[in-house]
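These protein sequence lines are chains A and B, in that order. When the letters of the first sequence are read in order and numbered with this note's numbering, they come out as residues -2 to 486. When the letters of the second sequence are read in order and numbered with this note's numbering, they come out as residues 68 to 170. Working notes for the structure below.
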Amino acid sequence: MNVSEIIRLLLPELILLITGFVVIGVDLARRREDEGRTAAAVAVVGLILATLAAIYLYYSSPNEIVLFTLAVDLYGLFFKVASFIGVALVIIASVNFMAGRSKYLGEFYALLVFAALAISVLVSATNLILVYIGVEFLSITSYILAGFLRGNERSEEAAIKYFLYGASAGAILLFGMSLLYGLTGSTDLAAVGQALEAGGDMHWLGLVALVLVLAGLGYKASLVPFHQWAPDTYDGAPTPISAFLSTASKAAGFAVIGRVFLVAFPDFQPDWTVVLGAIAVLTMFLGNLTALKQKSVKRMLAYSSIGQAGYILLGLVAVSSDPTFGGINGVMIYLFGYIFTNIGAFLLLLPIEKKSGGSTDMEQFDGLATRSPGVALLMSLFLISLAGIPPTAGFIGKFYVFAAVINQRMILLGALAALNTIIAAFYYLNVIRHMYFAESSVDGAVAPSRGLMTVLVINAVMVLAIGIFAQFFMTWINGSLTLVTASGF
Amino acid sequence: MTVPLTWYLIFATALFSIGFFAVLARRNAIAVLMGVELMLNAVNVNLVAFWRYLTPEDLSGQIFVVFVFAVAAAEAAVGLALMISIYRTRKTINVDEINELRL
């Protein structure tokens, strides 16, 4: 493979890398009244270019491993496109929020671009070393972003909790990887998979490694029991960062869990079906039951996003080679819709926080429909989608994931998941009840800024589009299931 | 006389467990970070031992160790910066007292 071919295949990553540094450079020349707008604009342009590059690569349908470690395949490119769009939306919505809250705006946007780069590396890593570097790259940028509001106790606490948890999870992940290396003598995922298949009498040690790797990667996707950081970090972090962590970062977590398990552990599928199934049930119940009793809507969304992780995991539990309900396509459509839905729901808290001075308690939503009908309507749409009611993206995601579960004859798992959607509907619809049927305790409309309103409308359109034109998106996703497994070594 | 691989693995597992215990039991954030570093060093012992005994011709294990060092250093830098920033506002880095975010 010659250099120009490598550059072509790594175009999205290279664009992001250059964009990140240009953003910092542009910010050096920032004037006071600019308030980071130029830096944000450069970052968004870079992300759009990277998205276009990823789409271009997608249509040249590559199936290659670059530099022995990075898979440029449709599965990875799908997650790249989805998370680049997510990060771009978060950046646009942050402009007004961050202006005046921090002096280091260029660094903020540059870190978000680098986080997108980290996701990009992570979702295509085919080597244990690169998986580890990708996870840590994304984690380290996320710690800084979560604690970006220096002097704000909540933001700092969110960051330190995330850091201490993430650092320990990273070490556990590494221990699992070192065992895999010892068992198989290779760090390449495909070679690890083949060596494990060839087996021997060390199956139990492979299982130990699997659990350790799952613990290390599961924390990114906030799976119970590796979720303890998530509610506090989502609650305390700056709201746009909560939106990023609970969507794009989580999608990357699922993407890498999917790749590692399908490529390195296919031989252990009977084992990990049981382990992941139990984790999915725990995640759904813990997330949804705790969300029920939250008074703050931001914290409720934090727990709800743990519950959502449980549903998404069901797709991996029920993974099979079925062409329509293969499980993994359910995971992908679910995450694609979830990125738009949850970014929308979290970002809608921005104008509410601005009006109330930081609080997102239920009372702030009382009578919102009469004060700001447009905002209330958008919030209702996102909540309906999170609850999984048609014609929204959330419904389509749940449909494909649950259908895969039923298709695999996992009736008990399906029933527990259905029970959870009922519990979840209760707290999602409760917010809608507050908005439409409760007396206002506060007066005056909430006013989202123009940039934020654009983002919210884009999200709403996408949520409806995925819900209504599901067939179109599913054709696209069913064509994106190719994972490169051929080893370069 | 050579030291068998098993001894290295037992040592690494013990070191990892001590580190993990520190992470769970210590309340000072810096002590927790030291526990994490112990865990990472245990991993390095594991990787180097596996490399030496199983695949001395393939350098993956050694390269992995170098990356673990580098990433651990970056992580410690960010973590300590976060702790300084927390200490400035709260005058403590005891993780039990950093508990504003609760139900």
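Glycine included, each C-beta is placed from N, C-alpha and C at the ideal position. Just so we're clear, the structure is a prediction, and the values are computed from it rather than from any experiment.
Asked, Found
"Host beta strand (DSSP E) of L67 of chain A (start-end)", "67 to 69"
"Positions along the segment 119 to 133 of chain B whose CB lies within less than 8 Å of some CB in chain A", "L121, T122, D125, S127, G128, I130, F131"
"D185 of chain A - partner residues in DSSP beta bridges", "A:N124"
"Minimum Cβ-Cβ distance from Y140 of chain A to chain B less than 8 Å", "yes"
"Residues bridged to E10 of chain A [DSSP beta-bridge criterion]", "None; E10 of chain A has no bridge partner."
"Residues sharing a beta bridge with I130 of chain A, DSSP", "In the DSSP output, where bridge partners are listed per residue, I130 of chain A has none listed."
"Contact list for the segment 139 to 151 of chain B against chain A, Cβ threshold 8 Å", "A141, E142, V145, G146, L149, M150"
"Alpha carbon of R94 of chain B to alpha carbon of D163 of chain B, nearest angstrom", "6 Å"
"Cβ-Cβ separation, Y178 of chain A to G128 of chain B (assumed contact under 8 Å), whole Å", "6 Å"
"Buried or exposed by the 16-neighbour rule on C-beta atoms within 10 Å, applied to A483 of chain A", "Note that A483 of chain A scores a pLDDT of 48, beneath 50, so its modelled location is shaky and nothing firm can be said."
"S382 of chain A vs A373 of chain A beta-carbon contact at 8 Å", "no"
"Beta carbon proximity, S84 of chain B to chain A, threshold 8 Å", "no"
"Buried or exposed (CB count within 10 angstroms, at least 16 for buried), F492 of chain A", "Missing from the structure shown is residue 492 of chain A; chain A here goes from -2 to 486 and no further."
"Chain A contact for V90 of chain B (CB, 8 Å cutoff)", "yes"
"Where the alpha helix (DSSP H) containing V63 of chain A begins and where it ends", "Element bounds for V63 of chain A: not the alpha helix (DSSP H) but the beta strand (DSSP E), 61 to 63."
"Chain-order list of residues whose beta-carbon lies under 7 Å from that of S99 of chain A (same chain, five-residue window excluded)", "F105, F145, L146"
"Residue from A:F379, A:L310, A:L313, A:A467 whose Cα sits closest to the Cα of I336 of chain A", "A:F379"
"A483 of chain A in three-state terms, based on DSSP", "In this predicted model, A483 of chain A has a pLDDT of only 48, less than 50, meaning its place in the structure is not dependable; the value taken from the coordinates is given anyway. If DSSP states are grouped into helix, strand and coil, A483 of chain A belongs with coil."
"Beta-carbon gap between A249 of chain A and V84 of chain A smaller than 8 Å", "no"
"Residue-chain proximity (T156 of chain B, chain A), Cβ-Cβ < 8 Å", "yes"
"Below-8 Å beta-carbon distance, E164 of chain B vs any chain A residue", "no"
"Per-residue contacts from A96 of chain B into chain A (C-beta, under 7 Å)", "I157, L161"
"N- and C-terminal bounds of the alpha helix (DSSP H) containing H200 of chain A", "200 to 215"
"Candidates A:A275, A:I82, A:Q468, A:D358: closest to T338 of chain A by CA position", "A:I82"
"Reduced DSSP category for N161 of chain B - H, G, I as helix; E, B as strand; rest coil", "strand"
"Contact with chain B by T184 of chain A, beta-carbon distance below 8 Å", "yes"
"Collapsed DSSP secondary structure at A96 of chain A in the structure displayed", "strand"
"Cβ-heavy atom distance, G173 of chain A to the ligand FMN, below 7 Å", "Absent from the structure shown: the ligand FMN. Ligands present: none."
"Buried or exposed by the 16-neighbour rule on C-beta atoms within 10 Å, applied to G148 of chain A", "exposed"
"Alpha-carbon to alpha-carbon, I4 of chain A and M174 of chain A", "29 Å"
"Contacts that G144 of chain A makes with chain E (C-beta to C-beta distance below 8 Å)", "No chain E appears in the structure shown, which is made up of the protein chains A and B."
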